Amino acid sequence: MAAHAQNSADACPDAWIPDHVQTYLAHVVEGRSIRSLARHAGCHASTVLRQVRRCEARRDDPLIDRALTRLGHIRTAPRIAGRLEGKRDMNAMTHADAFPSSEKFDREAERVLRRLSEQGACLAVAEGMEMAVIVREVAGGETLRTGTVESAVAEAMALRDWIASGTSGRVLRYRITGPGRAALKAYLAHTENATARAAHDDDTPDRRTRYAAESPLVMLARRKDKSGERFLEDAQVRAGERLREDFEIAAMAGIPEGGWESLLVVTPTGDVTARGSEGALARVSAALADLGPGLGDVVLRVCCKLEGLETVEQRMGWAARSGKIVLRIGLQRLERHYAEHGVKGGGLIG
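Printed below as a string of structure tokens:
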């Protein structure tokens, strides 16, 4: 297996591509025989044949079919480049345009898997769209958008069996699988261990909530008060999710100068209608500046940084169980901010 993967390293250098997919592409695209691949892999020819048939059968899934088609084009690019006066950079350009790097894939996969692990969450994929949408069913049968992801990343996740769709139609809905949950646990463990090593000398409050599959906001949204009413209204949850979506998009471009907390006290100047990370950062900045210190601190930490309420209370020096009250007030103010300014983004779909 390693040998044929090595032969095509220039075409498919990313570690996220499963070995059985490498085998399938080597046979179908490059024309290598089953016996040849079996010899290189050190296994029986029937094993390779099963891998090839499995990949072929999975092409009924549109995401997997697109992923295999993309990878097939990448495999043929070196041959085309060789005919075009040795333009060796064609392959690199094709690959960069087709799929994310391993680093970006891991970063995006962890973010998407966390979202998909939330109750009622799925990934909505429409043919011809560059972005897939992460949605979650909320009370009343409404659907809340909680994030977006490039279609190429979604294709790669489907190829790794991390998401699967049991529906058909114009818009397909993919949900996290058992292997996807296992991958999420591995990602979260790696992140938590790295953080623990970096802060082992600090008396930092417990951060286990931050690395739970569900966000603190989602967990709090299920709670009820003494009268049996839900502690948070749907509109407040939507506001928090909307801020988190912009935060995650903005974070792709790096941490703002002075850190995220600096946005609580500076005058926002960005264009909130701009696309991509620039517009997302402007919207986060405008929202946090409107909330200001105190309310903005707790909303930023819980909704965006995913810190648990107990952790926030300890950091802020507040009394136990006071954090959720401050958070609710902050979310009410955040909801009003979005209503008053009519900032595009987030909200309901479908």
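When we follow numbering that gives the first Met the number 0, the leftmost residue of the sequence shown carries the number 0, and every step to the right adds one.
All residues carry an ideal CB built from backbone N, CA and C; glycine is no exception.
These numbers were taken from a predicted model, which means no experiment stands behind them.
Residue 136 beta carbon less than 7 Å from that of residue 145: no
Straight-line Cα distance separating residue 296 from residue 260: Rounded to whole angstroms, the gap between the alpha carbons of residue 260 and residue 296 is 7 Å.
Cβ pair residue 25, residue 33 closer than 7 Å: no
Given residue 322 as reference, the closest of 308, 331, 316, 67 once Cα atoms are compared: 308
Three-state class that DSSP yields for residue 218 in the structure shown: Under the three-state reduction of DSSP, residue 218 is assigned to helix.
Outcome for residue 18 when other beta-carbon atoms lying within 10 angstroms are tallied against a minimum of 16: So residue 18 ends up on the exposed side.
Assigned exposure category for residue 264 - 16 Cβ within 10 Å defines buried: Counting Cβ neighbours within 10 Å, residue 264 comes out exposed, since fewer than 16 surround it.
Residue from 71, 285, 130 with nearest C-alpha to residue 334: 285
Proximity to residue 326 [Cα-Cα], best of 339, 293, 179, 16: 293
Cβ contact check for the segment 233 to 248 and the segment 276 to 284: 3 or more pairs under 8 Å: As far as the Cβ criterion goes, the segment 233 to 248 touches the segment 276 to 284, which means the pair count is three or higher.
DSSP state of residue 320 mapped onto helix, strand, coil: coil
Meets three-Cβ-pair contact criterion under 8 Å: the segment 42 to 58 and the segment 128 to 135: Between the segment 42 to 58 and the segment 128 to 135, the count of Cβ pairs shorter than 8 Å is below three; the stretches do not touch.
Check whether residue 252 and residue 172 have beta carbons under 7 Å apart: No; because the gap between Cβ atoms is not below 7 Å, this pair is not in contact.
Run of the beta strand (DSSP E) containing residue 47, from where it starts to where it stops: Where residue 47 is concerned, there is no enclosing beta strand (DSSP E), although the alpha helix (DSSP H) it sits in stretches over 44 to 56.
Rounded separation between residue 232 and residue 215 - CA only: 15 Å
Selected residue, minimal CA-CA separation from residue 101, among 300, 155, 128: When the alpha-carbon of residue 101 is set against those of 300, 155, 128, the nearest one is in 155.
Where residue 164 falls: helix, strand or coil (DSSP): Strand.
Beta-carbon proximity of residue 312 to residue 217, cut-off 7 Å: no
Coarse secondary structure for residue 350, derived from DSSP in three states: Look at the range of the chain in this structure, 0 to 349, and you will see that residue 350 is not part of it.
Test: residue 281 CB closer than 7 Å to a CB of chain D: Going by chain labels, chain D is absent from the structure shown, which holds only one protein chain.
Integer Cβ distance of residue 125 from residue 170, believed to fall under 8 Å: That belief holds up - the Cβ atoms of residue 125 and residue 170 are roughly 5 Å apart, short of 8 Å.
Cβ-Cβ distance between residue 183 and residue 112 below 7 Å: yes
Same chain, Cβ closer than 6 Å to residue 289, neighbours up to 5 away in sequence not counted: 336
Coil, strand or helix - residue 225 by DSSP: coil
For residue 114 and residue 108, believed in contact at Cβ under 8 Å, the rounded distance: Rounded, the Cβ-Cβ distance is 11 Å, inconsistent with contact.
Classification of residue 99 by the beta-carbon crowding that lies within 10 angstroms, buried from 16 upward: buried
Whole-Å CB distance - residue 152 paired with residue 230, under 8 Å assumed: 34 Å between Cβ atoms; not a contact.
DSSP state of residue 335 mapped onto helix, strand, coil: helix
Chain-order list of residues whose beta-carbon lies under 7 Å from that of residue 238 (same chain, five-residue window excluded): Around residue 238: 330, 333, 334, 337.
Where residue 341 falls: helix, strand or coil (DSSP): coil
Neighbour-count burial assignment, residue 159, 16 or more Cβ in a 10 Å radius: buried
Paired residues, beta bridge with residue 130 - DSSP: 149
As assigned by DSSP and simplified to three states, the class of residue 306: coil
Per-residue DSSP class, three states only, for residue 280: helix
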